[in-house]
Amino acid sequence: MTHQPETASSTGRREFLAALVLTAIAIVAFVAVFGLVNRFRSWQRHLAYRLYTQGEQALKVSVPVVAIDDFRSALSFDEDNERYQFSLAQALEADNRVEEARSYLLDLWDRKPQDGAVNLELGRLSAQQTVTDRALRYYHNAIYGLWEKDPEANRHRARVELINYLLQRNNRTQAESEIIAMQAGLPADPELHAQVAGLFARIQDYDRALDQYRHALQLGPKNAHALAGAGESAFQLGRFCTAAHCLRAAVAQDPGDEHSRQLLQNASTVLDANPFAKRLSPRDRENRLRSAFDVASKKLLVCLDSPSEKNTASTPTADAQLENSTQTPDDLEELSKRYKELQSKMHSRTFLNDPDSADELMDYVFDIEQRPRNCGPSTPMDEALLLIARYRSGADR
């Protein structure tokens, strides 16, 4: 009887040790399994990432079909990865599988409605489908949304894409609003100011375009693109002195810019021909008036001598020309009469130096140069006189 307590105690210790050993074994097994699971998951993630990078390379070289397979395989190993889903949507879009792409993007949008990249892709899809209201909504979400990297640059890029889409749709008013909004928050970057100026020029808002090109040139005085753009904008506004100054500098920076070179030549011709320019000597003004009169009168003689003017009512073609013209043979008679009257006065310097007489002479010149009917090939001087007629008051600005 005296040994029973020792036996019970011994049994209890053995049971405790057994339980302790089993617990230790269970812990070790759990740790081992946990490690194996983690290693397996890590292997899956590594494999998924490798497939993802393969897909990115395929997408970069414009093989979306291969990219789609790679991205789908990557998602099979890492199904909740939003970056892989986004790339799959891009690949589907590149393969013109628009609805599938839209489905993936909408799923991402439901989770992150403020994500800039997702909204930008949805905006592109809506633009591709020409659903303008939806495109505007998503593009604006992208412009004001959240971006992981380079938020300002990405928002700017999204707005430029939206503006280009609106211009393609001939929605000038909305495009103008977007350009003005973009202009307001520009950093001190000459290229960005020049880009905005180019967009203003596309909607023929040359005043704002010139202003933005000037901002660009303040930041980068030798920017050839900004110099050329400023010159062309000034030319379109009839500010030919400013245009010539900018275009001359643009050609100096980029001698291969033939467009700027031609505009410079045109602006120079206008400046050399303009009798209304300030600070002209009486002799120079007289010479310019005589030259303009001679050029216009030669054009009038061609008009009078053309068969269509001699036989205006004799053929269907002549009838059609008359219908499409704002002037008639009677107008030519009237111009011919004015020519004879002015020709007799051209020998008088008093007439040429009188401002009212100069206006009378140039009105005659402009009336001939602006004739809509074909009176022979147009010369550079004809084009210059037309521009002087259009921008008489500011041609030497």
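For the sequence shown, the numbering used here begins at -16 and goes up steadily by one. Where is the CB? At the ideal position from N, CA and C, for every residue including glycine.
Cβ-based neighbour list, residue i, same chain, cut-off 7 Å, excluding 5 preceding and 5 following
| i | result |
| --- | --- |
| Ile351 | Ala279, Lys282, Leu283 and Leu318 |
| Pro47 | Ala74, Ala77 and Asp78 |
| Glu83 | Leu75 |
| Leu193 | Ala213, Ser216, Ala217 and Leu220 |
| Ala199 | Pro173, His176, Ala177, Ala180, Asn206 and Ala209 |
| Gln37 | Asp53 |
| Gly128 | Gln97, Asp98, Gly99 and Asn102 |
Cβ-based burial, residue i [other Cβ within 10 Å; buried from 16]
| i | result |
| --- | --- |
| Thr225 | buried |
| Asn257 | buried |
| Ala164 | exposed |
| His29 | exposed |
| Arg(-4) | exposed |
| Asp346 | exposed |
| Ile10 | exposed |
| Ile8 | exposed |
| Ala383 | Because the chain is modelled from -16 through 380, residue 383 falls outside the range shown and cannot be assessed. |
| Arg373 | exposed |
Distance between residue j and residue i (C-alpha atoms, nearest Å)
| i | j | result |
| --- | --- | --- |
| Phe334 | Glu241 | 41 Å |
| Glu174 | Phe349 | 40 Å |
| Leu344 | Leu272 | 8 Å |
| Thr(-6) | Leu3 | 14 Å |
| Glu39 | Ser56 | 13 Å |
| Glu366 | Cys358 | 13 Å |
| Leu58 | Leu91 | 14 Å |
| Arg197 | Asp133 | 27 Å |
| Val81 | Asp98 | 20 Å |
| Gly377 | Leu368 | 14 Å |
| Glu316 | Lys323 | 11 Å |
| His176 | Tyr121 | 25 Å |
| Ala233 | Ala167 | 27 Å |
| Leu182 | Thr156 | 13 Å |
| Leu387 | Lys328 | Absent from the structure is residue 387, since the part of the chain shown begins at -16 and ends at 380. |
| Thr309 | Lys320 | Annotation note: pLDDT 44 at Thr309 (below 50); position unreliable, coordinate value reported separately. Cα to Cα, the separation comes out at about 19 Å. |
| Asn270 | Leu263 | 11 Å |
| Val44 | Pro204 | 38 Å |
| Ala184 | Lys95 | 37 Å |
| Arg138 | Gln111 | 20 Å |
| Val49 | Asp190 | 49 Å |
Closest Cα partner of residue i within the set the options
| i | options | result |
| --- | --- | --- |
| Met364 | Cys286, Thr252 and Arg380 | Thr252 |
| Leu145 | Leu169, Pro170 and Val114 | Val114 |
| Ser160 | Ile186, Pro170 and His228 | Ile186 |
| Asp255 | Ile371, Gln97, Pro338 and Ala1 | Ile371 |
| Phe276 | Lys261, Asp90, His330 and Val11 | His330 |
| Thr362 | Arg262, Asn249, Asn270 and Asp314 | Asn249 |
| Arg140 | Gln112, Arg107, Arg117 and Thr156 | Arg107 |
| Arg375 | Lys261, Ala167, Leu119 and His208 | Lys261 |
| Ala125 | Glu104, Ala110 and Asp116 | Glu104 |
| Ala31 | Ser70, Glu(-2), Leu210 and Thr6 | Ser70 |
| Pro265 | Leu210, Arg85 and Asp337 | Asp337 |
| Pro360 | Gln326, Val285 and Tyr87 | Val285 |
| Asp339 | Asn270, Arg354, Arg380 and Phe259 | Phe259 |
| Ser109 | Tyr127, Ala227, Asp93 and Ser86 | Ser86 |
| Arg268 | Asp288, Asn206, Pro204 and Ala341 | Ala341 |
| Gly239 | Ala227, Ala211, Phe60 and Gln353 | Ala211 |
| Gln201 | Tyr189, Asp190, Ala171 and Phe223 | Ala171 |
| Ala158 | Asp188, Lys95, Ile51 and Leu5 | Asp188 |
| Leu287 | Arg354, Ala227 and Leu0 | Arg354 |
Residues near residue i in its chain [Cβ-Cβ closer than 6 Å; skip 5 each side]
| i | result |
| --- | --- |
| Leu230 | Gly214, Ser243, Leu246 and Leu247 |
| Arg332 | none |
| Tyr35 | Ala57 and Tyr67 |
| Arg152 | none |
C-beta neighbour in chain C for residue i, strict 8 Å
| i | result |
| --- | --- |
| Glu324 | Absent from the structure: chain C. Only one protein chain is present. |
Chain-order list of residues whose beta-carbon lies under 8 Å from that of residue i (same chain, five-residue window excluded)
| i | result |
| --- | --- |
| Val143 | Met165, Gln178 and Leu182 |
### Task
Could I get the ranges of all uninterrupted alpha helix (DSSP H) runs contained in the segment 63 to 145, with 4 residues as the minimum, in chain order?
65 to 77, 81 to 94, 99 to 111 and 115 to 127
What runs of the alpha helix (DSSP H), each 4 residues or longer, lie entirely inside the segment 316 to 369? 332 to 336 and 338 to 352
Runs of alpha helix (DSSP H) lying entirely within the segment 244 to 299, each at least 4 residues, in chain order = Runs of the alpha helix (DSSP H) inside the segment 244 to 299: 265 to 288 and 290 to 293.
Handout entry: Segments assigned alpha helix (DSSP H), at least 4 residues, entirely inside the segment 195 to 224
Key = Entirely contained in the segment 195 to 224, the alpha helix (DSSP H) runs reaching 4 residues are, in chain order, 207 to 219.
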